[in-house]
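Trainee: Using this note's numbering, the letters of the sequence shown correspond one by one to residues -8 to 409.
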Amino acid sequence: MAHDLPMTHRYLTGSELVRMRVAENHRGSWLSIFLTLLMFPVSLAAQEAAIFFEENCSVCHTIGDGPLSGPDLKGVTQRKDRDWLIRFMPNPENVINSGDPYAKQILNASGGIVMPDFPEMTPELASALLDFIEAQSKSTGTEPGQSSRLQSAASQEAATFFEENCTVCHTIGGGPLAGPDLKGVTQRKDRDWLIRFMRNPEAVINSGDPYAQQILDASGGIVMPDIPEMTPELASALLDLMEASSNLGEQEVRSSESPSAVAEISDRPFTPQDVEQGQEIFGGSRPLANGGPACFSCHAMRGFGGLGGGRLAPDLTLVYERMRGRKSLAAWLGSPPTTEMRSLFRQRPLEPEEIVLLVAYFEDGAKRGGEAESAVILGFFFLALGGTIVVLISLDAIWKRRFRAVREPLVRGAGPER
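(1) What residue does the alpha helix (DSSP H) around L410 start on, and which one ends it?
(2) Compute the Euclidean distance between the alpha carbons of Q147 and L116, then round it to the nearest angstrom.
(3) Nearest to E224 by alpha carbon, out of N47, P201, R187 and G199?
(4) What's the call for L324, buried or exposed, on a 16-neighbour Cβ count within 10 Å?
(5) Determine, using beta carbons only, whether G211 and R337 come nearer to each other than 9 Å.
(6) Taking contact to mean 3 or more Cβ pairs, one atom from each stretch, closer than 8 Å, check whether the region 183 to 198 and the region 149 to 165 are in contact.
(7) Kindly list the residues whose CB is nearer than 7 Å to the CB of A209, restricted to its own chain and excluding five residues on each side of it in sequence; keep chain order.
(8) Between I77 and S118, which are expected to be in contact by the criterion C-beta below 8 Å, what is the C-beta distance as a whole number of angstroms?
(9) Measuring only the C-alpha atoms, how far is C160 from Q204?
(10) What three-state label does DSSP hand A291 in the structure shown?
(11) Classify P278 as buried or exposed, calling it buried when 16 or more other Cβ atoms lie within 10 Å of its own Cβ.
(12) Quick one, which of F43, I42 and C157 has its alpha-carbon nearest T418's?
(13) Between the C-alpha atoms of D200 and M215, what's the straight-line distance to the nearest angstrom?
(14) Go ahead and pull the three-state DSSP assignment for I97.
(15) Do you know whose CA, among Q270, L230 and K358, lies nearest V347's CA?
(16) Excluding sequence positions up to five away, which residues of its chain have a Cβ less than 7 Å from the Cβ of A228?
(17) Taking C-alpha atoms, which residue in Y311, E331 and K129 lies nearest to G283?
(18) What span of residues does the alpha helix (DSSP H) with Q178 cover, start to end?
(19) Quick check: what's the CA-CA separation for L59 versus C51?
(20) Going straight from the alpha carbon of G275 to that of E344, what length do you get?
(21) Can you give me the Cβ contacts of H(-6) inside the same chain, cut-off strictly under 6 Å, excluding the 5 residues immediately before and after it?
(22) Classify T262: buried if its beta carbon has 16 or more other beta carbons within 10 angstroms, exposed otherwise.
(23) In whole angstroms, what separates the C-alpha of K318 from that of Y311?
(24) Less than 6 Å between C-beta atoms, sequence neighbours within five positions excluded: which residues of the same chain meet that for N82?
(25) First and last residue of the alpha helix (DSSP H) that includes S411?
(26) Do the CB positions of A226 and G57 come within less than 9 Å of each other?
(27) For C286 versus F273, is the C-beta spacing smaller than 9 Å?
(28) CB G164 to CB S101, shorter than 9 Å?
(29) Let's see if you can read the secondary structure: which residues bound the alpha helix (DSSP H) around L225?
(30) Is N197 helix, strand or coil when you go by DSSP?
(31) Kindly indicate which three-state DSSP category C51 falls into: helix, strand or coil?
(32) Below 7 Å CB to CB, which residues in the same chain sit around V195 once its five sequence neighbours on both sides are set aside?
(33) Can the beta-carbon of K410 be found less than 9 Å from the beta-carbon of Y93?
(34) Using the three-state DSSP reduction, which class does M189 fall into: helix, strand or coil?
(35) Does the Cβ of L173 have 16 or more other Cβ atoms within 10 Å, making it buried, or fewer, making it exposed?
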């Protein structure tokens, strides 16, 4: 049987059982097992621990790549003694139900998800798993001289990502927009929770987490969208950026800000001219400076001419209220987060003046109230009614001519006999 297996499996493993498990359960991933075992003493217990971790633990845990549904296990043996960990690993629920405070802390950090019991988890296997985790924790470090370069690259990536994706709804020290102000966020909640939330906000909210629900309520029910490219490393770098920006003095933060439409938005009342020019931009009679499409191509607006605009995208009559004011709406227009809007405006962004005028128009629309939906439906109704009347009159005229063209010759032909 051993000769039917790849050469790599034959020389790595020390028993037929382990060889078969590797061959059957890890086809296509043998290289990861190979590298794992190279960095660990090649004993039968070590091999079984590596395979057990791959099959059972990697679904919820990483070693150095950030938390998933369970905590990152890097350095876990430095956070808690081995006896406690070996007692917890086979039967986590019993330890949690005993009221153990550290077990409760793990449960809360995992959003209430209880790690399942493992009846096959013997003390020997648990100890081998801890040895494996310790070895992996040591192997995830960087080579000397690389740390500062990697941190610099990560911070640049985080700053670019924050500017392109987060500034629509958040500031760091500038007050809340559609989402909360992120200044000091790492002091309000631990990093593991924040990384888990940043990667999948809706899942954390749906789990019933009270702090996530508090954020949702404070944001007016607006759910932060999931971002597929949000890796644990990127999330951690973003938190580092927020911490660094939170520690800047007020003058430093102000001087580092680039000019934007948000900075130009004030509390002054908009003039009728502002509203009129905003309507011209919305309707396309005033072309956008960078060549972007007019809003009415896809969006409707109450009071706009014709049928109120397009129907491909949401009605914008109450967008001012949905975005909770000028600053948030201006930030959204300056860097729209939706896929469709980003594809249209990333290379052709709105100018700050155009954003201000559109905000004036949308604010005026919100004051007038209602949505374009009712006006559009009414317009379609009268249009359909008028069209139906015209069609009926036309059919009646055609039918009358057809009827006479048949009847009159018959009457004339039968005339003398009558």
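Backbone N, C-alpha and C define an ideal beta-carbon position, used for all residues, glycine too.
Mentor: In this structure, then:
(1) Not covered by the structure: residue 410. The range shown for the chain is -8 to 409.
(2) Here residue 147 refers to the residue found at position 156 when the sequence shown is read from its first residue. Here residue 116 refers to the residue found at position 125 when the sequence shown is read from its first residue. The alpha-carbon atoms of Q147 and L116 are separated by roughly 42 Å.
(3) As a position in the sequence shown, residue 224 is number 233, starting the count at 1. Residue R187 holds the alpha-carbon nearest to the alpha-carbon of E224 among N47, P201, R187 and G199.
(4) Working through the sequence shown from its first residue, we reach residue 324 at position 333. Within a 10 Å sphere around the beta-carbon of L324 sit 16 or more other beta-carbons, which makes this residue buried.
(5) For the purposes of this step, residue 211 is identified with residue 220 of the sequence shown, where counting begins at 1. For the purposes of this step, residue 337 is identified with residue 346 of the sequence shown, where counting begins at 1. The answer is no: Cβ separation not under 9 Å.
(6) Too few Cβ pairs lie closer than 8 Å, so no.
(7) Taking the sequence shown and counting its residues from 1, one reaches residue 209 at position 218. Answer for A209: P171, listed in chain order.
(8) Against the sequence shown, residue 77 aligns to sequence position 86. Against the sequence shown, residue 118 aligns to sequence position 127. Right, their Cβ atoms sit about 6 Å apart.
(9) Here residue 160 refers to the residue found at position 169 of the sequence shown. Here residue 204 refers to the residue found at position 213 of the sequence shown. Looking at the backbone, the Cα of C160 and that of Q204 are separated by about 17 Å.
(10) Indexing the sequence shown from 1 puts residue 291 at position 300. Residue state, collapsed to three classes: strand.
(11) Counting from one through the sequence shown, the residue named residue 278 turns up at place 287. So P278 ends up on the exposed side.
(12) Because residue 418 is not part of the residues shown, which for the chain are -8 to 409, the question remains open.
(13) Indexing the sequence shown from 1 puts residue 200 at position 209. Indexing the sequence shown from 1 puts residue 215 at position 224. Their Cα atoms are separated by approximately 15 Å.
(14) On the sequence shown, position 106 is the one that residue 97 refers to. Shown here, I97 sits in a helix according to DSSP, grouped into three states.
(15) On the sequence shown, residue 347 is found 356 positions in, with the first residue counted as 1. Closest option to V347, Cα to Cα, is Q270.
(16) Position 237 of the sequence shown, counted from the start, is the residue given in the question as residue 228. Cβ neighbours of A228 beyond the five flanking positions: A145, S146, E148 and A149.
(17) Against the sequence shown, residue 283 aligns to sequence position 292. Of the candidates Y311, E331 and K129, the one whose C-alpha sits nearest the C-alpha of G283 is E331.
(18) Taking the sequence shown and counting its residues from 1, the one referred to as residue 178 is at position 187. Residues V176 to R179.
(19) Working through the sequence shown from its first residue, we reach residue 59 at position 68. Working through the sequence shown from its first residue, we reach residue 51 at position 60. One C-alpha to the other measures close to 5 Å.
(20) Your numbering for residue 275 matches position 284 in the sequence shown. Your numbering for residue 344 matches position 353 in the sequence shown. In a straight line, the C-alpha of G275 is about 15 Å away from that of E344.
(21) Locating residue -6 in the sequence shown gives position 3, counting from the first residue. Its pLDDT being 38, under 50, H(-6) is placed unreliably in this model, and the coordinates cannot settle the point.
(22) Within the sequence shown, the letter at position 271 stands for residue 262. Under the 10 Å beta carbon count, T262 is surrounded by fewer than 16 other beta carbons and is classified as exposed.
(23) Here residue 318 refers to the residue found at position 327 of the sequence shown. Here residue 311 refers to the residue found at position 320 of the sequence shown. Cα-Cα distance, rounded: 10 Å.
(24) Within the sequence shown, the letter at position 91 stands for residue 82. Around N82, the same chain offers D108 as residues with beta carbons nearer than 6 Å, after the five sequence neighbours per side are excluded.
(25) Nothing about residue 411 can be reported from this structure: the residues present for the chain run from -8 to 409 only.
(26) Within the sequence shown, numbered from 1, the residue matching residue 226 stands at position 235. Within the sequence shown, numbered from 1, the residue matching residue 57 stands at position 66. A contact, by the Cβ cut-off of 9 Å.
(27) Taking the sequence shown and counting its residues from 1, the one referred to as residue 286 is at position 295. Taking the sequence shown and counting its residues from 1, the one referred to as residue 273 is at position 282. Contact flag set, yes.
(28) Indexing the sequence shown from 1 puts residue 164 at position 173. Indexing the sequence shown from 1 puts residue 101 at position 110. Not in contact: G164 and S101 (Cβ atoms no closer than 9 Å).
(29) What you label residue 225 is simply residue 234 of the sequence shown in a count that begins at 1. Run containing L225: P223 to N238, per the alpha helix (DSSP H) assignment.
(30) Within the sequence shown, the letter at position 206 stands for residue 197. DSSP places N197 in helix when its eight states are reduced to three.
(31) Taking the first residue of the sequence shown as 1, we reach residue 51 at position 60. Residue state, collapsed to three classes: coil.
(32) Taking the first residue of the sequence shown as 1, we reach residue 195 at position 204. For V195, where only same-chain residues beyond five positions count, the Cβ hits under 7 Å are G102, R187, F188 and A203.
(33) In the structure as shown, the chain begins at -8 and stops at 409. Residue 410 is therefore absent and cannot be evaluated.
(34) Position 198 of the sequence shown, counted from the first residue, corresponds to residue 189. Note: M189 maps to helix in three-state DSSP.
(35) By one-based count along the sequence shown, residue 173 stands at place 182. It counts as buried.
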